[in-house]
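Let me begin by presenting the structure, written as structure tokens, before commenting on it.
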Amino acid sequence: MKQKISLLTSFLLAVCFMAFAQTPASVKGVVKDSTGNPISGVTVRVVGTGQGIVTNTQGEYQLRPASAQATLEFSFVGYETQLIPMNGRTQIDLVMLQSTSSLGEAVVVIGYGAQRKKDLTGSVSVISAADIANRPIVNAGEALQGKAAGVQVTSVSGKPGAVLSIRVRGSSSISAGNEPLYVVDGIPMTDIAAFSPNDIESVSVLKDAASTAIYGTRAANGVVVITTKKGKKGQSRIDFTSYFGTSTPTRKLHMLNAKQYQEYANETLGAGTVTDAMVQANDINWQDEVFRTGTQQNYQLALSGGNDKTQHYISLGYTNQKGMVKPATYERFNARVNLSSKIKDWLTVSTSTLMSREHINDVTDNAGVARGGVVLSALTTPPTVPMYDAQGRIGQNPQTGWENPLGAIIGRDNKFLNDRIVSNVGFDFNLLKGLVVQSRFGLDYKNNDNKGSTDPIYTQAGRNARGSLSERLSKELVWLSEQTITFTQNWNKHNFSALGGWSVQDSHYEETYLTASVIDSQYRFSDWSRRYALAQNKTTAPARTIKEWGLMSYFARFSYDYAGKYLFQANMRVDQSSKFAPGNRTAAFPSFSAGWRISDEAFMKNVRAVNDLKLRASWGKNGNQEGIDSYDYLSLNKIDPTTGAVDINTIAPQTLTWEKTTQTNIGIDATFLNRRLTFTADFYVKNTKDVLVKVPVSGQIVSSLLLNSGSMRNIGQEFMLSSRNIVKKDLTWTTDFNIAFNQNKVLKIADGIGELTAFGEIYEKGNAIVLKEGYGLGQFIGYVAAGVDPATGLQLYQAGDGSKVTEPKPSDRRLIGSAQPKFVYGMTNAVSYKNFDLSVFIQGSQGNKIYNGVRVETEGMKDSRNQSTAILSRWRKPGDVTNMPGVLAGSDNNALISTRFLENGSYLRFRTITLSYRLGESLIERIGFRSASIYVSAQNLFTITKYTGFDPEVNSYGSSNNTQDNRNVSLGIDYGAYPQAKIFLVGLNIGL
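This is how it looks when you write it as structure tokens:
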């Protein structure tokens, strides 16, 4: 009996134990993104069961798994799926990691639609809002630098509001545009300076023809598709971001002080030129007078939210930059309203509107002293020149009559007021299952006012004209209408998608230009309008320009895949452009691409290290009409508004057409080691024919003709590697690295013309750049420096026969280097430990040369300009052995364009380092915030380079003041550019 009782007791205890073991456990938590914001809609599932839930608007969830030892799966589109064992825990909070795999479920915005990354057959680089949030930038184009393989971003100048030079897979044009096409919320445009980076949700860089052909005649230089933030269903959110910081030059150059300058000037110009009294009176470091500590301010406020019917995103922003060179400033006000409303089950209406105003106070750089170049003026003005003379005028160099840098700072005025409105409205009709009709209407309006003036006393140019004024007013309205129809169908493992569309775009541009001079000095400090009204000489008939162009297009896309394993896509666009003569206005641009997911094949089943492996290939055609004027196909006459005289202005061939680029791309996408490692590689060949070239002609009224006479080739390789090095509860470390190689070659210039030399002019020295068949753009030409003659102190150059001469012949010039880098790269390391986040972004360029035109001015030793301290080692007497020649008054022979001034432009730059701290949950709850973080950031903290100028990131001919030809060809010249700044910031992000 006891045995039976014992057995029964044991059985009951076992049952109780089993029942206890199966008692449902309760677990709850909050799911957030890397910035601390909760994510709604995350699927939380108990692995091995059908049990699951979706996080609410606060990112919260609560489950009762059958076991406290269950494993939870967290998944959400665009983020890595994570498996988290409960291990008896009742509270599991999670930070979702954005998907680092280009083969994941994330959706990529492409031309006229979106596509899963895993289904892409083209070459597309994606930059997320999180990538942008870690970098306090002002120009949205900066977000591309070092983040997208194959994209080269160069700052033309470091001044506030300066333009960027952006190239996708090299340059394909000589006399037309090389910038990519931007498409913001469906509206094509060529400039994104007015857009706040804080409003950007994602950036997709379309690089190969398979991705860009859908944009046809404007896509040869790549397409940058920008999607702005939209409201999401859920509780309304308020996000506030701000930062404040200072900027200083990354370095200053060492120039002669007053005593050193006295010795040099008296040796060059004769004894007594600079007296002891002049040295005692003034010893001014003009860089200290020109440079200052600049400031950076940025404030952005966004309100977003919505319900099942309507979602909204509204933002306001203010940006203010006071440049480190007086008096440069940049100020921007921006506002955005994005709305989406589901009117009916079958109809959704959405709108997107940007309003922006920019105030820019510009300074002249990339120019010599005589043209108001403030940087070169700070370097070459003698330290003995006073700030002001006895009459209260700005001090001048007595040998040249040029004023000191204050003339460029306070004696010249160049201000811009730029207003812009970009708006569109879209209607989405979901008529049948899988059938969507979209209708979109948009506009892009610009109103720009540029006022300039020179003081009648402070500047030499102003004194000559007794004061001068100018104003350029321009207005442009571009409107767009697009209609598309999309059909998708899935049948077993067969997936089809088809798109068809029609687009029409029209532009109307007007410009008025006014000038005035002879202004009474008593009104010199009055506002611009009053000075213009009182000027004695004014434009009697303001110059007025009107330009119009239109583009009508038809496009289609067909996509098919079988079980996600075999993929195919075809695109076609037919464009009709008014920029070309009748008969040459229509062209078709097709593309084809295919993909093979090798990892889904049976023979890959046991290769566990490979999670996903896809091979893709594409071929297609694009066109280029950017940079081509509305009437370049017409021969134009110029009519004098006063006399009525008619002069021939341009002669144009009726055969003018767009440039045509054919591109072949082979790529591979792979993920390894449980998706911890992602690798992407692309290999491409771009051939461009009918390249526009301004061909010189003789015996004609005009000096050149614009002809489709050239051809060009770009061959390149791109690699991207992303890794999740450490993924633990309190510690994560991720690395993103990309590198790109591009070889550019001009195949043909024109029949009978193998080279053109009128590029990259160096003041009084000639041209430093040659356009030559068989070589790339930005090819330097000059003499080979061969040391200094110890007997005479003259610079030696290598002659064609190998001998060394002091007066070389023009025929002795040869190709001496290239401004194009062999490769560019970028790497980001992001480390998170508990509430701390550290991001280190480095970026660089390797193998390019820079022609240091500043050294030509500061080591030429021919006149009264101040010189670099490098000349202290100059030749002084026969027998001296040195690499620095002696003085040679009035002669350029010692400073000819040569390898003496050609430097290694390679650099590695710590572009952005940011350390942030996210406030803890308990503190946030007490103060009523959704999220909060503070951060400190350093930009351009230090740069590793052998370049001796201010900064290796330079392109003096890249500004809009230069011709299109010079912007494309004259690369890598430093002629007094406003240098890049070292910036320190402190910022605050708050979510409510």
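Residues -21 to -1, 1 to 971 in mature numbering (1 follows the signal peptide of the UniProt record, and there is no 0) are what the sequence shown lists, from first letter to last. Backbone N, C-alpha and C fix where the C-beta goes; we use that ideal spot for every residue, glycine too. Note that the coordinates shown come from a computational prediction; the quantities given were computed from them, not determined experimentally.
Is the beta carbon of residue j closer than 8 Å to that of residue i?
i: LEU143; j: VAL130; result: no
i: THR207; j: ARG315; result: yes
i: VAL354; j: ALA778; result: no
i: THR308; j: PRO139; result: yes
i: ASN883; j: TYR936; result: no
i: GLN642; j: GLY602; result: no
i: GLN266; j: GLY210; result: no
i: ILE892; j: ALA917; result: yes
i: LYS841; j: LEU867; result: yes
i: SER556; j: ALA188; result: no
i: GLU638; j: ALA155; result: yes
i: VAL833; j: ILE741; result: no
i: SER797; j: GLY755; result: yes
Taking 7 Å as the cut-off, does the CB of residue i come closer than this to any heavy atom belonging to the ligand HEM?
i: GLY543; result: What this structure holds is no ligand at all, so the ligand HEM is not there to describe.
Suppose the cutoff is 6 Å on Cβ atoms and the five residues either side in sequence are ignored; what does the same chain contact list for residue i look like?
i: ALA281; result: ASP218, SER294
i: LEU710; result: TYR812
i: THR252; result: ALA244, ASN245
Provide the residue(s) that pair with residue i in DSSP beta bridges, ordered along the chain.
i: PHE547; result: TYR539, ALA573
i: HIS473; result: TRP470, TYR541
i: PHE53; result: VAL23, GLN61
i: HIS291; result: GLY284, LEU318
i: ARG909; result: DSSP output for ARG909 lists no bridge partner at all.
i: ALA369; result: Bridge partners of ALA369: none, in fact.
i: VAL933; result: Its beta-bridge partners do not exist; DSSP assigns none.
Hey, how far is the Cα of residue i from the Cα of residue j?
i: residue 972; j: MET531; result: Because the chain is modelled from -21 through 971, residue 972 falls outside the range shown and cannot be assessed.
i: GLN48; j: GLY899; result: 27 Å
i: ASP255; j: LYS238; result: 8 Å
i: LYS412; j: LEU185; result: 29 Å
i: THR274; j: ARG391; result: 22 Å
i: GLU716; j: ASN516; result: Reading the sequence as shown, one finds Phe at residue 716 and not Glu. Rounded to the nearest angstrom, the two C-alpha atoms are 60 Å apart.
i: VAL509; j: ALA495; result: Residue identity differs from the one stated: residue 509 is Arg in this sequence, not Val. So the alpha carbons of these two residues sit roughly 12 Å apart.
i: GLY249; j: GLN604; result: 57 Å
i: SER102; j: PRO176; result: 24 Å
i: GLY8; j: LEU452; result: 58 Å
i: ALA127; j: THR100; result: 17 Å
i: PRO789; j: ARG148; result: 35 Å
i: LEU385; j: ILE373; result: 7 Å
i: ASP669; j: SER688; result: 6 Å
i: ASP170; j: VAL483; result: 20 Å
i: GLY745; j: SER877; result: 11 Å
i: LEU422; j: ASN831; result: 43 Å
i: ALA4; j: ASN471; result: 40 Å
i: PRO159; j: ILE71; result: 45 Å
i: ASN666; j: LYS11; result: 46 Å
i: VAL749; j: SER190; result: 34 Å
i: TYR194; j: PRO362; result: 56 Å
i: ARG888; j: SER702; result: 22 Å
i: SER460; j: LEU333; result: 18 Å
Could you pull out every residue in the same chain whose Cβ sits closer than 7 Å to the Cβ of residue i, ignoring the five residues on either side in sequence?
i: GLN959; result: SER134, GLY137, THR229, ASN919, ASP930, GLU932
i: GLY125; result: GLY805, PHE820, GLN822, ARG890
i: TYR278; result: SER221, GLY296, TYR297
i: LYS708; result: none
Hey, could you find the ends of the beta strand (DSSP E) residue i is sitting in?
i: VAL203; result: 202 to 207
i: ILE263; result: No beta strand (DSSP E) holds ILE263; DSSP gives it neither H nor E.
i: ALA596; result: 589 to 603
i: GLN94; result: 92 to 95
i: ILE923; result: 922 to 924
i: HIS809; result: Residue identity differs from the one stated: residue 809 is Ala in this sequence, not His. From DSSP, the beta strand (DSSP E) with ALA809 extends over 802 to 812.
Residue range of the alpha helix (DSSP H) that residue i falls in?
i: ILE645; result: Unbroken run through ILE645 is the beta strand (DSSP E), 638 to 651; no alpha helix (DSSP H).
i: residue 1040; result: Given that the chain is displayed from residue -21 to residue 971, the structure contains no residue 1040 and the question cannot be resolved.
i: ALA109; result: 108 to 112
i: GLU836; result: 832 to 837
For residue i, I'd like the list of residues in its chain whose CB is within less than 8 Å of its CB, leaving aside the five on either flank, ordered along the chain.
i: THR848; result: HIS233, MET234, LEU235, GLN239
i: ASN945; result: PHE738, GLY739, TYR936
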